[in-house]
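Have a look at the structure below before the remarks.
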Amino acid sequence: MISYLELIDKDIINIKNGENIGKFTDIEIDTKKGRVLALYVSEPTKIFKFLKNNPPKAIKWEEIVKVGLDVIVVNYDNDLIKTAKELVNE
Numbered sequence: 042m043i044s045y046l047e048l049i050d051k052d053i054i055n056i057k058n059g060e061n062i063g064k065f066t067d068i069e070i071d072t073k074k075g076r077v078l079a080l081y082v083s084e085p086t087k088i089f090k091f092l093k094n095n096p097p098k099a100i101k102w103e104e105i106v107k108v109g110l111d112v113i114v115v116n117y118d119n120d121l122i123k124t125a126k127e128l129v130n131e
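In terms of the working numbering, the sequence shown has 106 at position 65, counting the first letter as 1, and numbering is strictly consecutive.
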C-alpha cells in the first residue's frame with residue numbers, strides 16, 4: 042500500500058518516450074465504487090512559469106504502470122492526456 046503523502050511531488054514519467062510529464066499533485070476517487078479514477082499532474086516548473094499557467098492534467102488510473110520510490114511511471118499517448126476538467130466532464 043501507498044499513502045497519499047508518499048505520492049506528493051513524485052515525478053510522473055511517460056514510459057513511451059521518457060518524458061517528465063510533471064509532478065503528482067492530487068488524486069480523484071470514486072467514493073461510491075471505492076476506486077481511484079485519476080491522478081492530477083502539474084507541469085514541470087519552467088524558468089518563466091509566471092508567463093504560462095496551464096491547468097493540471099489528469100491521467101487515468103488505468104494508464105499507470107508502476108508507482109516507484111521516486112517516480113510514477115505511466116503509459117499514455119500525449120494526444121490523449123486530458124485536463125482535469127475534461128476528465129470530470131466525460
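Here a beta-carbon is modelled for each residue, glycine too, at the ideal position from N, C-alpha and C.
These numbers come from a predicted model, not from an experiment.
Straight-line Cα distance separating residue j from residue i
i: I70; j: D118; result: 23 Å
i: D67; j: V77; result: 11 Å
i: D111; j: G75; result: 26 Å
Option nearest residue i by Cα separation, candidates the options
i: K51; options: K74, V82, L78; result: V82
i: I113; options: N55, E103, M42; result: N55
i: E103; options: V115, P96, G109; result: V115
i: K57; options: D111, L48, V106; result: V106
CB contact flag (residue i, residue j, <8 Å)
i: F65; j: L46; result: no
i: G109; j: E84; result: no
Where the beta strand (DSSP E) containing residue i begins and where it ends
i: E47; result: Here E47 belongs to no beta strand (DSSP E); instead the alpha helix (DSSP H) covers 45-48.
For residue i, three-class secondary structure by DSSP
i: E84; result: coil
i: E104; result: helix
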